[in-house]
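Okay, structure first, notes after.
Residue numbers (the UniProt record's numbering): 1 to 58.
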């Protein structure tokens, strides 16, 4: 397993945990903030994987 894959697995796990905690508190501003941060982290993981994949061609 590539070392970057382990990093991505940890990041995705944290993102899912943040979104789950935020969904549990969705009636408060804190819950919406946690869901937003989790979504941003999940999208950042996709961008990170694309960077790893496409930067190896050069």
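For each residue, glycine too, the CB sits at the ideal point set by N, CA and C.
The alpha-carbon separation between residue 14 and residue 40 amounts to approximately 11 Å. A distance below 7 Å separates the beta carbons of residue 18 and residue 37. In the three-state scheme derived from DSSP, where H, G and I count as helix and E and B as strand, residue 25 is classed as coil.
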